[in-house]
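Q: Using the working numbering, you'd call the opening residue of the sequence shown number 220 and step up by one each time. What follows is a single structure, and I will ask about it in a moment.
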Amino acid sequence: MSRFSLPQDAAFQALNTSLGFDQRLWPHDVAQSRAHVRMLAAQGIISDADRDEILGGLDTAAAELEAGSFPFRADDEDIHMAVERRVSELTGPAGGKLHTARSRNDQVITDLAMFTRAAAQGAIADLEQLRLVLLEVAERHLDWPVPGYTHLQRAQPVYLSHHLLAYFWMATRDIGRFEAVLRATSELPLGAGALAGVNFDTDRRMVAAELGFDGVVRNSVDAVSNRDFALDLLHALSVCATHLSRLGQEIVLWTSSEFGFMTLSDAWSSGSSIMPQKKNPDAAELLRGKAPRVWGHQAALHGVIHGLPLTYNKDLQEDKEHLFDAADTVALCIAAAGGMLETATFHRATMAAAASDQMIAAVDLADLLVKRGTPFREAHGVVAGLVREAVDSGRSLADVAIPALGDDAAAILEQSSWLESKVSEGGTALVRVREQLQQARALVG
Ligand code: ARG
Numbered sequence: 220m221s222r223f224s225l226p227q228d229a230a231f232q233a234l235n236t237s238l239g240f241d242q243r244l245w246p247h248d249v250a251q252s253r254a255h256v257r258m259l260a261a262q263g264i265i266s267d268a269d270r271d272e273i274l275g276g277l278d279t280a281a282a283e284l285e286a287g288s289f290p291f292r293a294d295d296e297d298i299h300m301a302v303e304r305r306v307s308e309l310t311g312p313a314g315g316k317l318h319t320a321r322s323r324n325d326q327v328i329t330d331l332a333m334f335t336r337a338a339a340q341g342a343i344a345d346l347e348q349l350r351l352v353l354l355e356v357a358e359r360h361l362d363w364p365v366p367g368y369t370h371l372q373r374a375q376p377v378y379l380s381h382h383l384l385a386y387f388w389m390a391t392r393d394i395g396r397f398e399a400v401l402r403a404t405s406e407l408p409l410g411a412g413a414l415a416g417v418n419f420d421t422d423r424r425m426v427a428a429e430l431g432f433d434g435v436v437r438n439s440v441d442a443v444s445n446r447d448f449a450l451d452l453l454h455a456l457s458v459c460a461t462h463l464s465r466l467g468q469e470i471v472l473w474t475s476s477e478f479g480f481m482t483l484s485d486a487w488s489s490g491s492s493i494m495p496q497k498k499n500p501d502a503a504e505l506l507r508g509k510a511p512r513v514w515g516h517q518a519a520l521h522g523v524i525h526g527l528p529l530t531y532n533k534d535l536q537e538d539k540e541h542l543f544d545a546a547d548t549v550a551l552c553i554a555a556a557g558g559m560l561e562t563a564t565f566h567r568a569t570m571a572a573a574a575s576d577q578m579i580a581a582v583d584l585a586d587l588l589v590k591r592g593t594p595f596r597e598a599h600g601v602v603a604g605l606v607r608e609a610v611d612s613g614r615s616l617a618d619v620a621i622p623a624l625g626d627d628a629a630a631i632l633e634q635s636s637w638l639e640s641k642v643s644e645g646g647t648a649l650v651r652v653r654e655q656l657q658q659a660r661a662l663v664g
């Protein structure tokens, strides 16, 4: 029997179905169904014989899903109904008991929590790998000077290792955000039923333990309404994507002929369909170009949830594609970032030449005056005047500064002293970079 006297309109079916995208939840759906029926039998809600039949049906359905031979039907609304329908076909009346004491509302959010946890764990593993690459490349280029920029104007030189380690710390903070997502998915929603709880004496903690949750969501209304962890994952993914976009942009700049600091491996470059000489940093450009798509998904999910009355509303079906695409996109981007960096060649002489532009030592000259007792603001003015004189007369800063400031200025304009004088904690002097590498190594274990 059905409550309805007409079949669903085809356009409604097309709008309403989520099977096209929620199929990938099947491993979680099957795992939670297994845990659910074991609990139902342990509580005496179904018989052990029914449990075993259902578990057998779930095994067959899982094998079919794995093999791509699962017989989906046009009217399967989503993966949950498809699996339940198939288990019923395979087992007869026992299969009809699978959905006892459960609703798709608590089922879908349980699948999503499991997916979110797996995605966060995957991102953490990918970022840990990226951190190893960053460390290794930093160690290989420990004392290679490169200009540091502000406003994309040469500002002060740093060692390449120091510059790359900035990305190590970004990745470390990203990992922290994904760990927070794990904490946000630590309670099991299943058992909330449609929204009010269920009419059976279930053991939610048994299901939680089997599925690896630390506890159960305390409130059934909250359990089926909550999508916070999905927003949390999208936030962590968004920040990570933004970080990678900055790395991508730097790779685009550094591999240009104008900079010439870096060459990508051919494995990470593409050619042009018309210009035979081109070697394009497409992967780096895509690190830039993919980021807005990830935050777009975050904004879209806020849009779906905002103003939504409790509890479940079909709008919430729209949570999945945003999450899936964002997680897939960031996984690819992290892999590309690591692949590019690990195999790139840096050009020591070109970077060193750019980093030895004497103008880059202007702050150091001002600090020389400060150490002689001149207030910094006044020293800044004196050196600005020297820079201007040098630029206007076409002479080097040394030619102008040494007569004005004495021989100490010559020592300062020796390139290595600009870097090696940056001895403050967290600075670029080698002694500090080595310290930083040690701290970083300790984190990666
Ligand atoms: N496909 C649905 C979703 O993704 C599953 C939950 C449906 N629940 C319902 N009451 N219609 O959200």
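Every residue, glycine too, gets a C-beta built ideally from N, C-alpha and C.
On the DSSP letters alone, give me the boundaries of the alpha helix (DSSP H) that Pro-246 sits inside.
A: As a first step, residue 246 is located in the sequence shown; it is residue number 27 there, counting from the start. Taken as a continuous stretch (DSSP letters only), the alpha helix (DSSP H) holding Pro-246 covers 245 to 261.
Q: Would you call the CB atoms of Ile-631 and Asp-583 closer than 7 Å?
A: Residue 631 sits at position 412 when you count from the first residue of the sequence shown. Residue 583 sits at position 364 when you count from the first residue of the sequence shown. Yes, these two residues count as a Cβ contact at 7 Å.
Q: Heavy atom of the ligand ARG less than 6 Å from the Cβ of Val-302, yes or no?
A: Sequence index remark: in the sequence shown, residue 302 carries index 83 (1-based). False, no ligand heavy atom lies under 6 Å from that Cβ.
Q: Please report the distance separating the alpha-carbon of Ala-250 from that of Gly-522.
A: As a working mapping, residue 250 is identified with position 31 in the sequence shown. As a working mapping, residue 522 is identified with position 303 in the sequence shown. So the alpha carbons of these two residues sit roughly 31 Å apart.
Q: Among all the DSSP beta bridges, which residues are the ones paired with Gly-434?
A: The sequence position of residue 434 within the sequence shown is 215, counting from 1. In DSSP, Gly-434 forms a bridge with Glu-406.
Q: Could you name the residues that DSSP lists as bridge partners for Gly-367?
A: The sequence position of residue 367 within the sequence shown is 148, counting from 1. DSSP output for Gly-367 lists Gln-375 as bridge partner(s).
Q: Cβ of Arg-323 within 6 Å of any heavy atom in the ligand ARG?
A: Position 104 of the sequence shown holds residue 323. Flag set: Cβ of Arg-323 near the ligand ARG.
Q: Run the CB neighbour count on Val-352, radius 10 Å, all protein chains shown included, and call it buried at 16 or more, exposed below.
A: As a working mapping, residue 352 is identified with position 133 in the sequence shown. It is buried - the Cβ of Val-352 has at least 16 other Cβ atoms within 10 Å.
Q: Quick one: Cα of Leu-379 to Cα of Ala-568, how far?
A: The residue labelled residue 379 in the question sits at position 160 within the sequence shown. The residue labelled residue 568 in the question sits at position 349 within the sequence shown. Rounded to the nearest angstrom, the two C-alpha atoms are 12 Å apart.
Q: In terms of residues, what are the limits of the alpha helix (DSSP H) holding Phe-419?
A: As a working mapping, residue 419 is identified with position 200 in the sequence shown. Here Phe-419 belongs to no alpha helix (DSSP H), and DSSP marks it neither H nor E.
Q: Short of 6 Å in beta carbon distance, which residues of its chain neighbour Val-417, apart from the five on each side in sequence? Order them along the chain.
A: Position 198 of the sequence shown holds residue 417. Excluding positions up to five away in sequence, the list reads Ala-320.
Q: Going straight from the alpha carbon of Ala-449 to that of Ala-399, what length do you get?
A: For the purposes of this step, residue 449 is identified with residue 230 of the sequence shown, where counting begins at 1. For the purposes of this step, residue 399 is identified with residue 180 of the sequence shown, where counting begins at 1. Approximately 12 Å between the Cα atoms of the pair.
Q: In the DSSP assignment, the alpha helix (DSSP H) including Phe-240 goes from what residue to what residue?
A: Looking up residue 240 in the sequence shown gives position 21. Phe-240 -> alpha helix (DSSP H) spans 238 to 241.
Q: What three-state label does DSSP hand Thr-562 in the structure shown?
A: In the sequence shown, residue 562 corresponds to position 343, counting from 1. Thr-562 falls in the helix class under three-state DSSP.
Q: Is Gln-232 close to the ligand ARG? I mean its beta-carbon at under 6 Å from any heavy atom of the ligand.
A: As a first step, residue 232 is located in the sequence shown; it is residue number 13 there, counting from the start. False, no ligand heavy atom lies under 6 Å from that Cβ.
Q: Does Met-258 pass the burial test, meaning 16 or more other C-beta atoms within 10 Å, or should it be called exposed?
A: The sequence position of residue 258 within the sequence shown is 39, counting from 1. Buried, because 16 or more other Cβ atoms sit within 10 Å of the Cβ of Met-258.
Q: Per DSSP, what kind of secondary structure is Ser-489 in: helix, strand or coil?
A: Counting from 1 along the sequence shown, the entry for residue 489 is found at position 270. If DSSP states are grouped into helix, strand and coil, Ser-489 belongs with the strands.
Q: Give, in chain order, every unbroken run of the alpha helix (DSSP H) that is at least 4 residues long and sits entirely within the region 303 to 371.
A: Segments of the alpha helix (DSSP H) lying fully in the region 303 to 371: 323 to 359.
Q: Flag this pair as yes or no: are the beta carbons of Phe-480 and Met-389 separated by less than 7 Å?
A: On the sequence shown, position 261 is the one that residue 480 refers to. On the sequence shown, position 170 is the one that residue 389 refers to. Result no, Cβ atoms of Phe-480 and Met-389 do not sit closer than 7 Å.
Q: Assign Gly-467 to buried or exposed, taking buried as 16 or more other Cβ atoms, counted over all protein chains shown, within 10 Å of its Cβ.
A: Within the sequence shown, residue 467 is the residue found at index 248, counting from 1. The residue in question, Gly-467, is buried, as its Cβ has 16 or more Cβ neighbours within 10 Å.
Q: Can you tell me the Cβ-Cβ gap for Arg-396 and His-360, rounded? I've got them flagged as a contact below 8 Å.
A: Counting from one through the sequence shown, the residue named residue 396 turns up at place 177. Counting from one through the sequence shown, the residue named residue 360 turns up at place 141. That belief does not hold up - the Cβ atoms of Arg-396 and His-360 are roughly 28 Å apart, past 8 Å.
Q: State yes or no: is the C-beta of Met-333 within less than 7 Å of the C-beta of His-247?
A: As a first step, residue 333 must be located in the sequence shown, where it is residue number 114. As a first step, residue 247 must be located in the sequence shown, where it is residue number 28. Contact flag set, yes.
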